[in-house]
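J.:
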Amino acid sequence: TGRTYPELYEGFKSELRRRHGRQMCDMLRRGLREGVRLTFHGRNVYYPQFVPPAGRRAGPRAQDGPATAAGYALAYFRDDLHERSGIYELDLRPDGRPSGAAELLVARTSTASPLSFAPDGGMLFASEVPWRNVYQRTDLFLLAPGERAPSGAEPGRRRLTTGLRATAPSLSPDGRTVAFTVNARGTTSLGLARLGPDGPIEGRRTLVAGARFDQVYTPVFSPDGSRIALSTWSAGGFRDLRIVEVPSGRSVALMRDRALDTGPCWSPDGRTLYFASDRTGIFNIYAYSLADGTLRQVTNVRTGAFMPAVSPDQRWLVYVGYTGAGHDLYAMPLDPARFLAAPAARQERPDAPAEPPPVRWRRQRYDPLPTLRPYRYSFEYAPGSFGTNALTVRADGADVVGHHSMSAAVVADPGAPLPQLSLDYGYGRLPLDLSLQVSNRVAPRTDFRISDRTPQYVERSYGIRSGLSYTDNQEFGYQRGGVSYGASIVDRSLPVGTAIDPYAGLTSEPQRGLMAIVHLGYALSNVEGSFETAGAARGFSLGLSLDLADSATGSSESVYAASYTAALYLPMPWPGHQTLALRSRGGLSAGSYSRRGIFYVGGYDLERTSLLDTITSGILSGAFVLRGYPPNAYAGSTMMLQNAEYRIPLVAPDLGISTLPLYLRRVSGNLFFDHGGAFDRLDFEATEFLARGALLDSPQLHSAAGAELWLEATLAYYLDVQFRLGYARGFSVAALPGGQGYFVAAGAY
Numbered sequence: 009t010g011r012t013y014p015e016l017y018e019g020f021k022s023e024l025r026r027r028h029g030r031q032m033c034d035m036l037r038r039g040l041r042e043g044v045r046l047t048f049h050g051r052n053v054y055y056p057q058f059v060p061p062a063g064r065r066a067g068p069r070a071q072d073g074p075a076t077a078a079g080y081a082l083a084y085f086r087d088d089l090h091e092r093s094g095i096y097e098l099d100l101r102p103d104g105r106p107s108g109a110a111e112l113l114v115a116r117t118s119t120a121s122p123l124s125f126a127p128d129g130g131m132l133f134a135s136e137v138p139w140r141n142v143y144q145r146t147d148l149f150l151l152a153p154g155e156r157a158p159s160g161a162e163p164g165r166r167r168l169t170t171g172l173r174a175t176a177p178s179l180s181p182d183g184r185t186v187a188f189t190v191n192a193r194g195t196t197s198l199g200l201a202r203l204g205p206d207g208p209i210e211g212r213r214t215l216v217a218g219a220r221f222d223q224v225y226t227p228v229f230s231p232d233g234s235r236i237a238l239s240t241w242s243a244g245g246f247r248d249l250r251i252v253e254v255p256s257g258r259s260v261a262l263m264r265d266r267a268l269d270t271g272p273c274w275s276p277d278g279r280t281l282y283f284a285s286d287r288t289g290i291f292n293i294y295a296y297s298l299a300d301g302t303l304r305q306v307t308n309v310r311t312g313a314f315m316p317a318v319s320p321d322q323r324w325l326v327y328v329g330y331t332g333a334g335h336d337l338y339a340m341p342l343d344p345a346r347f348l349a350a351p352a353a354r355q356e357r358p359d360a361p362a363e364p365p366p367v368r369w370r371r372q373r374y375d376p377l378p379t380l381r382p383y384r385y386s387f388e389y390a391p392g393s394f395g396t397n398a399l400t401v402r403a404d405g406a407d408v409v410g411h412h413s414m415s416a417a418v419v420a421d422p423g424a425p426l427p428q429l430s431l432d433y434g435y436g437r438l439p440l441d442l443s444l445q446v447s448n449r450v451a452p453r454t455d456f457r458i459s460d461r462t463p464q465y466v467e468r469s470y471g472i473r474s475g476l477s478y479t480d481n482q483e484f485g486y487q488r489g490g491v492s493y494g495a496s497i498v499d500r501s502l503p504v505g506t507a508i509d510p511y512a513g514l515t516s517e518p519q520r521g522l523m524a525i526v527h528l529g530y531a532l533s534n535v536e537g538s539f540e541t542a543g544a545a546r547g548f549s550l551g552l553s554l555d556l557a558d559s560a561t562g563s564s565e566s567v568y569a570a571s572y573t574a575a576l577y578l579p580m581p582w583p584g585h586q587t588l589a590l591r592s593r594g595g596l597s598a599g600s601y602s603r604r605g606i607f608y609v610g611g612y613d614l615e616r617t618s619l620l621d622t623i624t625s626g627i628l629s630g631a632f633v634l635r636g637y638p639p640n641a642y643a644g645s646t647m648m649l650q651n652a653e654y655r656i657p658l659v660a661p662d663l664g665i666s667t668l669p670l671y672l673r674r675v676s677g678n679l680f681f682d683h684g685g686a687f688d689r690l691d692f693e694a695t696e697f698l699a700r701g702a703l704l705d706s707p708q709l710h711s712a713a714g715a716e717l718w719l720e721a722t723l724a725y726y727l728d729v730q731f732r733l734g735y736a737r738g739f740s741v742a743a744l745p746g747g748q749g750y751f752v753a754a755g756a757y
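According to my numbering, the stretch in the sequence shown is residues 9 to 757, in order.
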């Protein structure tokens with residue numbers, strides 16, 4: 009381009025200032041018509057709706073009093089990427105300002121949805137939920153009067169459709185009929201159905217079908233229930249408003265121009281239709297008189313006004329406005345004397361090109377073979393197991409529908425006696441997912457002792473593994489279970505030689521033969537993330553694992569091992585997005601197999617793993633550590649480790665230097681306490697300490713505490729890394745003298 013990226017970016021900003029500066033001058037010349045900001049969440053706040061008195065939910069509302077009771081309540085969808093997404097309720101005073109009461113999460117939902125109220129206070133909305141445990145589709149839900157569903161699974165939350173792709177519901181004034189949109193084959197239609205006393209909707213029919221690829225949006229019943237206003241998209245790129253007569257389905261177009269007209273809202277008396285339009289180049293709220301077709305401009309804002317809602321007494325207009333933080337709610341007095349004349353719609357948008365000729369479709373039985381091949385190839389050149397660099401070549405592929413997947417990898421290590429190969433296949437069309445793996449492996453080992461020597465030898469293994477797993481996908485979490493069977497033949501060539509000392513210690517022969525292991529696993533999680541916190545924000549996760557191998561599985565050695573991992577994330581009630589993160593892990597193993605699973609507990613290994621190697625390899629230091637102790641300080645067949653972290657976001661600079669490949673996103677503080685150990689058996693003395701609750705002084709369970717500074721950064725434009733600068737102090741004899749200072753790249757559990 010002949011310019012650097014910083015120069016191009018400055019030119020881009022100058023062009024924006026020039027173009028929109030003129031637009032802003034034209035807007036200011038007519039006089040501002042802006043509301044007062046009600047919420048300060050940013051990001052995603054949509055679809056405000058005034059709540060009728062019967063629909064107001066009971067809850068912990070601070071400062072409730074006569075002013076609040078005489079005011080208003082607003083319900084709206086909120087997803088600020090920190091708190092739980094869903095429909096919230098906000099109390100307003102009679103003067104249109106927030107009452108000071110805490111916003112109340114009324115119904116949890118995973119998708120932005122318009123909402124509607126029944127005469128008895130029931131609330132209708134849409135949410136995206138799993139369908140057939142594979143797909144995600146929007147369906148309609150009804151929340152009973154006076155109920156709340158902050159977790160999404162309460163009994164008062166009733167599902168009305170299943171897998172229908174229905175959204176944007178609107179209830180008729182008598183509460184008996186629901187209008188909604190249904191998407192099928194790229195075309196959205198307007199549907200109607202009866203709302204029965206129990207169960208799903210009844211008597212569903214299509215009121216407005218529309219032409220191929222036409223779309224309808226946000227239908228809303230008129231106050232008398234005889235008409236429905238909606239926004240439509242039709243061929244040629246026209247986004248306009250229509251009114252549909254409910255008994256006949258006949259529709260009338262209110263306009264046809266190049267402006268985008270969205271979000272219709274009836275006035276309580278049914279005489280005026282409010283909506284948002286960008287006819288000036290900036291989205292504003294307009295009022296359309298149904299009596300004479302007069303169009304007037306209600307707002308005149310700088311950054312956009314969308315999704316209007318009018319109070320029942322027609323005194324207030326609430327709309328969705330925009331700032332650099334995202335969308336929020338605004339309120340302004342609804343004074344027709346201050347309305348502006350509506351300008352003509354801008355005609356600068358070109359007409360849409362002609363639709364291409366239709367493609368002739370041919371239906372046939374699906375054949376995965378034409379698309380089942382590798383589509384992605386990767387290469388890695390890194391240190392291998394034999395002291396030389398190894399080249400790994402990997403190929404991955406799947407069929408276009410995703411029924412079959414495969415992966416193959418070859419590792420060529422000049423120091424190894426033969427290449428390593430692995431082949432993986434997965435079949436996902438059944439309710440249970442099937443996996444199959446075949447591989448060989450070579451590795452240098454030193455667990456062979458002869459004549460008081462431990463010479464290195466090469467171990468070869470050839471294995472096959474098959475497994476079945478099932479995932480129960482839920483609206484706000486999942487459960488997963490699986491079972492697998494793996495068998496591997498292990499062989500080796502021992503460097504015995506001829507110089508054998510008959511008086512040396514006992515010879516130890518390494519394992520060989522057939523190892524056959526059955527693995528059982530289970531996991532569940534409803535953990536939620538956040539853009540505001542370091543690590544997860546809230547929720548619980550649990551993982552269980554069991555491994556069995558003995559003569560019953562066909563194994564020449566026996567293994568009995570079990571482990572668990574549990575994590576709990578608790579958001580703190582005070583400002584600052586602080587989180588208490590608790591994690592526990594434990595395991596035990598037994599059997600005749602010498603490598604049956606020895607557990608190691610200790611701190612960060614700062615000598616063997618350099619920070620540069622960690623970043624280039626993408627393998628971060630583990631989150632399960634006993635900080636303040638040497639790495640692998642304790643080992644044994646039994647392990648327990650608990651970590652508690654109090655995470656405090658400090659600042660989010662979102663800062664980079666020009667186009668250098670280093671970007672600092674967030675800085676956080678972390679106060680932690682670690683407690684655990686690994687051992688072969690819990691002796692009587694340790695049991696006494698546990699019984700007394702004296703965990704800090706237990707001979708086999710050890711403690712440490714400290715503080716860290718977390719630096720969350722993006723390197724090379726795509727690699728997200730968390731650096732930890734910390735100090736830990738252990739309280740047991742084996743702890744590092746003077747504590748441990750460290751700077752590592754590690755993920756948050």
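From the three backbone atoms N, C-alpha and C, an ideal C-beta is built for every residue, glycine too.
Determine the burial state of ALA192: buried for a count of at least 16 other Cβ atoms within 10 Å of its Cβ, exposed for fewer.
T.: With fewer than 16 other Cβ atoms within 10 Å, it is exposed.
J.: Residues bridged to ALA373 by DSSP?
T.: Correcting the residue identity first, residue 373 is Arg in this sequence and not Ala. ARG373 pairs with nothing; no bridge assigned.
J.: Indicate the three-state DSSP secondary structure (helix, strand or coil) for LEU399 in the structure shown.
T.: The answer is strand: DSSP assigns LEU399 an E or B state.
J.: In the segment 189-270, which residue ranges form an unbroken beta strand (DSSP E) of at least 3 residues, counting only runs that do not cross its ends?
T.: You should have 195-202, 210-216, 223-229, 235-242, 246-253, 259-261.
J.: For PRO376 and LEU438, I'd like the C-alpha separation in whole angstroms.
T.: Straight-line Cα distance between these residues: approximately 15 angstroms.
J.: Could you check whether SER124 and LEU179 sit closer than 8 angstroms to each other, using their CB atoms as the reference points?
T.: Contact flag set, yes.
J.: Where does PRO74 sit, in a helix, a strand or coil, going by DSSP?
T.: Per-residue confidence for PRO74 stands at a pLDDT of 36, beneath the threshold of 50, marking its modelled position as unreliable; no derived number is given.
J.: Between PRO382 and the rest of its own chain, which residues show a CB-CB distance below 8 angstroms, the 5 nearest in sequence each way excluded?
T.: Excluding sequence neighbours, PRO382 sits near ALA403, ASP404, GLY405, MET414, ALA416.
J.: With respect to the beta strand (DSSP E) encompassing PHE387, which residues constitute its N-terminal and C-terminal limits?
T.: Where PHE387 is concerned, the enclosing beta strand (DSSP E) stretches over 381-391.
J.: DSSP has GLY584 in a bridge; who is on the other side?
T.: In the DSSP output, where bridge partners are listed per residue, GLY584 has none listed.
J.: How close, in whole Å, do the beta carbons of ARG488 and ALA531 come, if the pair is a contact with beta carbons under 8 angstroms?
T.: About 5 angstroms separates the two Cβ atoms, so the contact holds.
J.: When you compare the CB positions of VAL567 and ALA557, do they come within less than 8 angstroms of one another, or not?
T.: Yes, the Cβ-Cβ distance between VAL567 and ALA557 is below 8 angstroms.
J.: Could you name the residues of the same chain whose beta carbon sits closer than 6 angstroms to that of GLU111, not counting the 5 residues immediately before and after it, in chain order?
T.: Excluding positions up to five away in sequence, the list reads TYR96, LEU98.
J.: Do the CB positions of VAL216 and GLY257 come within less than 8 angstroms of each other?
T.: Against a cut-off of 8 angstroms, the Cβ pair of GLY257 and VAL216 comes out as a contact.
J.: Ordered along the chain, which non-local residues of its own chain (more than five positions away) have a Cβ less than 8 angstroms from that of THR170?
T.: Around THR170: TRP139, ASP147, PRO208.
J.: On the three-state DSSP scale, how would you describe TYR612?
T.: Of the three classes helix, strand and coil, the one that applies to TYR612 here is coil, per DSSP.
J.: Pull the bridge partners of GLY405 from the DSSP assignment, please.
T.: Per DSSP, PRO382, MET414.
J.: Between the segment 522-530 and the segment 78-92, are three or more C-beta pairs nearer than 8 angstroms?
T.: In short, these stretches do not touch, since the Cβ pair count stays below three.
J.: Going by DSSP in three states, GLN322 sits in which element: helix, strand or coil?
T.: Three-state DSSP puts GLN322 in coil, outside helix and strand.
J.: How many Å lie between THR331 and ARG45 at the Cα?
T.: Cα-Cα distance, rounded: 10 angstroms.
J.: How would you write the range of the beta strand (DSSP E) that ARG26 sits in, first residue to last?
T.: ARG26 -> not in any beta strand (DSSP E); alpha helix (DSSP H) instead, spanning 13-38.
J.: Where do the N-terminal and C-terminal ends of the beta strand (DSSP E) with PRO56 fall, by residue?
T.: Run containing PRO56: 52-58, per the beta strand (DSSP E) assignment.
J.: To the nearest angstrom, report how far apart ARG287 and THR307 are at their CA atoms.
T.: Rounded to the nearest angstrom, the two C-alpha atoms are 13 angstroms apart.
J.: Of the choices PRO583, ALA589, ALA570, LEU552, whose alpha-carbon is the least far from that of ALA545?
T.: Answer by Cα proximity: ALA589.
J.: Please identify the residue among TYR757, GLY664, GLU615, ALA660 whose C-alpha is closest to the C-alpha of PHE680.
T.: The shortest Cα separation from PHE680 among TYR757, GLY664, GLU615, ALA660 belongs to TYR757.
J.: Hey, would you say HIS335 sits closer than 8 angstroms to VAL752, going by beta carbons?
T.: Not in contact: HIS335 and VAL752 (Cβ atoms no closer than 8 angstroms).
J.: Leaving out five residues on either side along the sequence, give the residues of the same chain with a beta carbon under 6 angstroms from the beta carbon of ARG384.
T.: ASP404.
J.: Give the DSSP bridge partners of ARG453, in chain order.
T.: Its beta-bridge partners are TYR465.
J.: With a threshold of 16 other CB atoms inside 10 Å of the CB of TYR296, please say whether the residue is buried or exposed.
T.: Burial call: buried.
J.: Give the straight-line distance between the Cα atoms of PRO177 and GLY494, rounded to the nearest whole angstrom.
T.: Going from the Cα of PRO177 to the Cα of GLY494 covers about 51 angstroms.
J.: Can you check which of these residues, GLY278, ASP265, ARG346, is closest to ARG357 by C-alpha distance?
T.: Among GLY278, ASP265, ARG346, the Cα nearest to that of ARG357 belongs to ASP265.
J.: Could you tell me whether the segment 640-658 touches the segment 581-598, where touching means 3 or more Cβ pairs closer than 8 angstroms?
T.: Yes: at least three Cβ pairs fall under 8 angstroms.
J.: Which residues in the same chain as ASN651 place their Cβ atom closer than 6 angstroms to its Cβ, once the five residues preceding and following it in sequence are excluded?
T.: Cβ neighbours of ASN651 beyond the five flanking positions: ARG591, ASP682.
J.: Whose C-beta lies closer than 6 angstroms to the C-beta of GLY551 among residues of the same chain, with five residues either side of it excluded?
T.: Result list for GLY551: ALA531, THR573, in chain order.
J.: Closest to ASP87 by C-alpha separation, out of LEU168, ASN640, ARG65, GLU540, would be which residue?
T.: Nearest option by C-alpha distance: GLU540.
J.: Measuring CA to CA, which of ASN481, TYR642, LEU431, GLY423 is closest to VAL759?
T.: Because the chain in this structure spans residues 9 to 757, residue 759 falls outside the shown range and cannot be described.
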